[in-house]
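Working notes for the structure below.
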Amino acid sequence: MKKTVHYRRVVWFDKVKQTLGEMLSDCLEKIQDDVLPTFDVGNSIECLLARRTEIDGEWYLHFVTYERGAPVAVINTSIQANSVEASEQDTEGDNEFIISQLFCLISRNDILWVTHNEPMREGRAQLLISQFIDHCGAGHEFTQFMFQVVLDQAIIDNALQDGIEYIDLSVGSFRPTLEQIVNGGELPKAPFLGGVGKLFRGRATEAAKQAADNLEARLILRPGKSWDKPAVMDLLAGTSKRVMSDYDNEFAIKTKNGIRLTAEKISITRDVSIENGNRRVLASMEVESKMREVLLRLRDDDITDGT
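Heads up, the sequence shown is in our numbering, so the first residue is 1 and it goes up one at a time.
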């Protein structure tokens, strides 16, 4: 099963002398080894710290959010298709209905995470860790941080030159573009759009204009099988730099080593393969091992904080 490992750096709003890794160490020292701490995360949802391990100051944490006592949906597959009925069944014993899982690896102020069962946005992952720290009794000032990627321009330039996975150009609303290209006007200056007008014939009707209000135009450039040819890599790297400096619409550029750049933010992901897992559960020890491998590769690429 392919899973995506997300990387960010912890940036503090207040002057906190500790790193996130050190703060978590202080929190976990207060919890007995045989205790699996649970804490409320709102809306009748609770979270369990199901597994925690520490190697050389790097903490691996496996959080599981669940709704206590929630029934699970079941279906009797032996029923004929035309009379299928779904129902609910109570969880039994100490079992609970899992909503989502968050696997984290924290090294100083570097954090990697993987989600399972349902997607979890960056802000939700950040909040879950803040709520755990607050549960352990740390003050409010110790939960005031955000996740972001901090990279030197040289690292970005090298990533662009090493390989582009795609360049996604959004033209935004399609109506003004349709009116211009169909009615003989010039397209706004934007990369690679000069040939779009050849796709249309005749004048734009009112119906076409109204339909165009509900369309967004996009242009995605992807390298072919020969992406690693020097000329192809130079062209895409140069195009990416021009898009970043001159392109006024929304865009997204993804490099081969997992850096994604937009006009507003940078994010970094790495894909891993988990052999022991399915859509419901993952082998937590294997997830930890793969995440530690990703951390080492990020260090080799000079992406992590390293301080």
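No residue lacks a Cβ here, since even glycine has one placed at the ideal position from N, Cα and C.
As the structure is a prediction and not an experimental result, all values here were calculated from the model.
{"Item": "Going by the DSSP bridge assignment, what does residue 270 pair with across the sheet?", "Value": "5"}
{"Item": "Any beta-carbon of chain D closer than 8 Å to the one on residue 123?", "Value": "Looking for chain D here will not work: only one protein chain is present."}
{"Item": "Around the Cβ of residue 164, are there at least 16 other Cβ atoms within 10 angstroms (buried) or fewer (exposed)?", "Value": "buried"}
{"Item": "Could you check the C-alpha separation between residue 278 and residue 1 for me, to the nearest Å?", "Value": "7 Å"}
{"Item": "Here's a check: name, in chain order, each residue in its chain whose Cβ is nearer than 6 Å to the Cβ of residue 116, leaving out the five neighbours to either side.", "Value": "101, 282"}
{"Item": "Quick one: what's residue 101 bridged to in DSSP?", "Value": "64, 116"}
{"Item": "For the putative contact between residue 255 and residue 160, defined by C-beta atoms under 8 Å, what is the C-beta separation to the nearest angstrom?", "Value": "6 Å"}
{"Item": "Quick check: what's the CA-CA separation for residue 96 versus residue 162?", "Value": "46 Å"}
{"Item": "Whose CA, out of 224, 273, 269, 242, lies closest to the CA of residue 263?", "Value": "242"}
{"Item": "Less than 8 Å between the beta carbons of residue 316 and residue 10, yes or no?", "Value": "Absent from the structure is residue 316, since the part of the chain shown begins at 1 and ends at 307."}
{"Item": "Could you give the C-beta distance for residue 30 and residue 104, rounded to a whole number, given that I count them as a contact under 8 Å?", "Value": "Not really, about 19 Å apart at Cβ, beyond 8 Å."}
{"Item": "Looking at the structure shown, is residue 17 part of a helix, part of a strand, or coil, going by DSSP?", "Value": "coil"}
{"Item": "Where residue 18 and residue 153 are concerned, what is the direct C-alpha to C-alpha distance, given to the nearest angstrom?", "Value": "27 Å"}
{"Item": "Among the residues of its own chain, which have a CB less than 6 Å from the CB of residue 130, if the five just before and after it don't count?", "Value": "143"}
{"Item": "Thinking C-beta only, is residue 121 closer than 8 Å to residue 168?", "Value": "no"}
{"Item": "With a threshold of 16 other CB atoms inside 10 Å of the CB of residue 8, please say whether the residue is buried or exposed.", "Value": "buried"}
{"Item": "Is residue 99 closer than 8 Å to residue 67 when the C-beta atoms are compared?", "Value": "yes"}
{"Item": "Can you tell me where the beta strand (DSSP E) holding residue 129 begins and where it ends?", "Value": "Segment 122–135 is the alpha helix (DSSP H) holding residue 129; no beta strand (DSSP E) there."}
{"Item": "By DSSP, does residue 191 sit in helix, in strand, or in coil?", "Value": "Annotation note: pLDDT 45 at residue 191 (below 50); position unreliable, no value reported."}
{"Item": "May I have the straight-line CA-CA distance separating residue 90 from residue 65, to the nearest angstrom?", "Value": "18 Å"}
{"Item": "Checking 8 Å against the spacing of the C-beta atoms, do residue 260 and residue 294 come in under that value?", "Value": "no"}
{"Item": "According to DSSP, residue 40 sits in a beta bridge with which residue or residues?", "Value": "46"}
{"Item": "Which one of 32, 61, 108, 57 has the shortest CA to CA distance from residue 12?", "Value": "108"}
{"Item": "Short of 6 Å in beta carbon distance, which residues of its chain neighbour residue 250, apart from the five on each side in sequence? Order them along the chain.", "Value": "170"}
{"Item": "Between residue 274 and residue 286, which are expected to be in contact by the criterion C-beta below 8 Å, what is the C-beta distance as a whole number of angstroms?", "Value": "6 Å"}
{"Item": "Would you kindly work out how many angstroms separate the C-alpha atoms of residue 5 and residue 207, rounded to a whole number?", "Value": "45 Å"}
{"Item": "For residue 292, which beta-bridge partners are listed by DSSP?", "Value": "Paired residue(s): none; residue 292 is not in a bridge."}
{"Item": "Would you decide whether residue 185 is buried or exposed? Buried here means 16 or more other CB atoms lie within 10 Å of its CB.", "Value": "In this prediction, residue 185 has a pLDDT of 48, which is less than 50 and means its spatial position is unreliable; nothing more can be read from the coordinates."}
{"Item": "What would DSSP say about residue 345, mapped onto helix, strand or coil?", "Value": "Outside the displayed span of the chain (1 to 307) sits residue 345, for which this structure offers no information."}
{"Item": "Please state whether the Cβ-Cβ distance between residue 244 and residue 138 is less than 8 Å.", "Value": "no"}
{"Item": "Between residue 151 and residue 266, is the Cβ-Cβ spacing less than 8 Å?", "Value": "yes"}
{"Item": "Would you grab the beta carbon distance between residue 27 and residue 133 for me? Rounded to a whole angstrom, and I think it's under 8 Å.", "Value": "6 Å"}
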